[in-house]
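Novice: Per my numbering, the sequence shown starts with residue 80, numbered consecutively. Heads up, the beta-carbon is just placed ideally off N, CA and C, and yes, glycines get one too. Computed from a prediction, not measured in an experiment: that's the story for all the values here.
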Amino acid sequence: MKKIEAIIKPFKLDEVKEALQEVGLQGITVTEAKGFGRQKGHTELYRGAEYVVDFLPKVKIEIVVSDDAVEQAMEAIRSAAQTGRIGDGKIFVSPIEEVVRIRTGETGADAV
Numbered sequence: 080m081k082k083i084e085a086i087i088k089p090f091k092l093d094e095v096k097e098a099l100q101e102v103g104l105q106g107i108t109v110t111e112a113k114g115f116g117r118q119k120g121h122t123e124l125y126r127g128a129e130y131v132v133d134f135l136p137k138v139k140i141e142i143v144v145s146d147d148a149v150e151q152a153m154e155a156i157r158s159a160a161q162t163g164r165i166g167d168g169k170i171f172v173s174p175i176e177e178v179v180r181i182r183t184g185e186t187g188a189d190a191v
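1) Rounded to whole angstroms, what is the Cα-Cα separation between Ser145 and Glu111?
2) Starting from Ser145, trace the alpha helix (DSSP H) both ways and give me its first and last residue.
3) Could you compute how far the alpha carbon of Gly184 sits from the alpha carbon of Glu176?
4) Cutting at 6 angstroms between CB atoms, please list the residues of its own chain near Lys91, excluding the five before and the five after it.
5) Here's the rule I'm using: 16 or more other beta-carbon atoms within 10 Å means buried, otherwise exposed. How should Ile83 be labelled?
6) Pull up the distance between the alpha-carbon of Met153 and that of Val172, whole angstroms please.
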């Protein structure tokens, strides 16, 4: 099993969720996040004063999938989240050693 974490622009969340559902994946965790990469924030004007916005709003999506569904999930996220502009985000894939469903005690792929 693998854990896929994706950092995307907030307005792309619904499109990514729908793309994951279309490929048959369900069960995602979404966290509001702030960060920057090459985008490096921007300056804004508020009541005549200029200030720097270092951390831009992002959304972090986490899903756990079987090994054979990783490529399909990554492609669904990438195609749905892509705008072609800087700051589209990143996808990270990590191995998962064990999963336990708390309610039933199921383990492994059955728990996902």
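Specialist: Result, derived from the coordinates:
1) For the purposes of this step, residue 145 is taken as residue 66 along the sequence shown, with counting starting at 1. For the purposes of this step, residue 111 is taken as residue 32 along the sequence shown, with counting starting at 1. Here the C-alpha atom of Ser145 lies approximately 25 angstroms from the C-alpha atom of Glu111.
2) Indexing the sequence shown from 1 puts residue 145 at position 66. Where Ser145 is concerned, there is no enclosing alpha helix (DSSP H), given that its DSSP letter is neither H nor E.
3) Numbered from its first residue, the sequence shown carries residue 184 at position 105. Numbered from its first residue, the sequence shown carries residue 176 at position 97. Roughly 16 angstroms between the two C-alpha positions.
4) Here the question's residue 91 lines up with position 12 in the sequence shown. Same-chain partners within the cutoff: Ala160.
5) As a position in the sequence shown, residue 83 is number 4, starting the count at 1. Classification for Ile83: buried.
6) Within the sequence shown, numbered from 1, the residue matching residue 153 stands at position 74. Within the sequence shown, numbered from 1, the residue matching residue 172 stands at position 93. Cα to Cα, the separation comes out at about 9 angstroms.
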